[in-house]
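Peer 1:
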Amino acid sequence: MIATREIAASLGSMLRERRGPDARFQRVVVDSRKAGRGDLFVALPGERTDGHRFVVDAVERGARGVLVSEVPEGLPSDAAVFVVSDPLAALQRLAAGRRERRPAKVIGVTGSVGKTTTKEITAAVLSTRYEVLKNEANYNNEIGLPLTVLELTTRHERAVLEMGMYAQGEIRTLCEIAKPQVGVVTNVGPAHLERLGSLEAIAAAKAELPESLPSHGFAVFNADDPLVMTMVERTKAQPVTYGTAQGADTRATDI
27 MIATREIAAS LGSMLRERRG PDARFQRVVV DSRKAGRGDL FVALPGERTD GHRFVVDAVE
87 RGARGVLVSE VPEGLPSDAA VFVVSDPLAA LQRLAAGRRE RRPAKVIGVT GSVGKTTTKE
147 ITAAVLSTRY EVLKNEANYN NEIGLPLTVL ELTTRHERAV LEMGMYAQGE IRTLCEIAKP
207 QVGVVTNVGP AHLERLGSLE AIAAAKAELP ESLPSHGFAV FNADDPLVMT MVERTKAQPV
267 TYGTAQGADT RATDI
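Note that the working numbering has the sequence shown beginning at 27, numbered continuously upward.
(1) Rounded to whole angstroms, what is the Cα-Cα separation between residue 130 and residue 236?
(2) Looking at the structure shown, is residue 245 part of a helix, part of a strand, or coil, going by DSSP?
(3) Tell me whether residue 164 is buried or exposed, calling it buried when 16 or more other Cβ atoms sit within 10 Å of its Cβ.
(4) Along the beta strand (DSSP E) that carries residue 133, what are the first and last residues, could you check?
(5) Which first and last residues belong to the alpha helix (DSSP H) in which residue 127 is found?
(6) Should residue 88 go down as buried or exposed, given a rule of 16 or more other Cβ atoms within 10 Å for buried?
(7) Going straight from the alpha carbon of residue 264 to that of residue 225, what length do you get?
(8) Classify residue 236 as helix, strand or coil using the three-state DSSP reduction.
(9) Would you call the CB atoms of residue 211 and residue 140 closer than 7 Å?
(10) Where does the unbroken beta strand (DSSP E) through residue 185 begin, and where does it stop?
(11) Tell me the residue span of the beta strand (DSSP E) that contains residue 145.
(12) Please determine, among 51, 124, 74, the residue with the shortest C-alpha to C-alpha distance to residue 107.
(13) Let me know if residue 21 comes out buried or exposed under the rule of 16 or more other beta-carbons within 10 Å of its beta-carbon.
(14) Tell me whether residue 43 sits in a helix, a strand or coil according to DSSP, three-state version.
(15) Which residues in the same chain have their Cβ closer than 8 Å to the Cβ of residue 124, if we skip the five residues on either side of it in sequence?
(16) Once DSSP output is grouped into helix, strand and coil, what is the label at residue 83?
(17) Between which two residues does the alpha helix (DSSP H) carrying residue 34 extend?
(18) With DSSP as the reference, please indicate the residues paired to residue 267 in a beta bridge.
(19) Ends of the beta strand (DSSP E) at residue 97?
(20) For residue 214, which of helix, strand or coil comes out of DSSP?
(21) Does the stretch 144-155 come within contact of the stretch 214-231, defined as at least 3 CB pairs closer than 8 Å?
(22) Within 10 angstroms of its Cβ, does residue 206 collect 16 or more other Cβ (buried), or is it exposed?
(23) Using the three-state DSSP reduction, which class does residue 199 fall into: helix, strand or coil?
(24) Please tell me whether, using a cut-off of 6 Å, the distance from the CB of residue 72 to the nearest non-hydrogen atom of the ligand MN is below it.
Below, the structure is given as structure tokens:
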């Protein structure tokens, strides 16, 4: 749940105009087909279509408010309206504001392969002791991760967030939103090689997670991956290694 007051405080000068009543919104959604009673619909422009085409539909499905860059014709007058220049940036700012207001410790997970499994196992283990939030399905990008962070409540004690990327800078942006204290890098492989050009460039993009960790945090590295191990010197956090390699802090044997 998110209230008008929190939205205004988080967006600050990004909020160009506000119309309609104060409200408390059950969820934040970006797909009008999933909009329900009491939701806030964020109209995102996309490569194939523009969410602004579906604002009225979202309200007709029950959304109580909308976050838009322009107000469409036919919008009911009782809908709460938040007008910004960049709805995606506003969504990310809302998530960053929610993160700042919630005490949960955050674990970020990235890697070319294995990050979903690692996220799921980590969340399962932590949930035996803590109230845990994790991102579902493919909610690991510049849209999905903010939507997940916006689900943080005061009851959550830990959040395990998978972080995907297609280009340099994307993981850094996710870290600016989620502010993880712990980061896990599973490996570096050829996924997205056609976009980034080399394994070294992929490693540099993945390294944005350990580079973003605070000095009191922990950076967890796969000791069996030489490119991952180059990241040890790029973090302020305490490095922790795992794998089958000699010298790993946590080592698997007889497998």
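We treat Cβ as the ideally placed atom computed from N, Cα and C, and that holds for glycine.
Peer 2: Judging by the given coordinates:
(1) 19 Å
(2) strand
(3) exposed
(4) 131-136
(5) That residue, residue 127, is in no alpha helix (DSSP H); it is neither H nor E in DSSP.
(6) exposed
(7) 25 Å
(8) helix
(9) no
(10) 184-188
(11) Taken as a continuous stretch (DSSP letters only), residue 145 belongs to no beta strand (DSSP E), being part of the alpha helix (DSSP H) at 141-152.
(12) 51
(13) Since the first and last residues shown for the chain are 27 and 281, residue 21 lies out of range.
(14) strand
(15) 28, 32, 36, 175, 176, 178
(16) helix
(17) 30-37
(18) 247
(19) From DSSP, residue 97 is part of no beta strand (DSSP E); its letter is neither H nor E.
(20) coil
(21) no
(22) buried
(23) helix
(24) As for the ligand MN, it is missing from this structure, which has no ligand bound.
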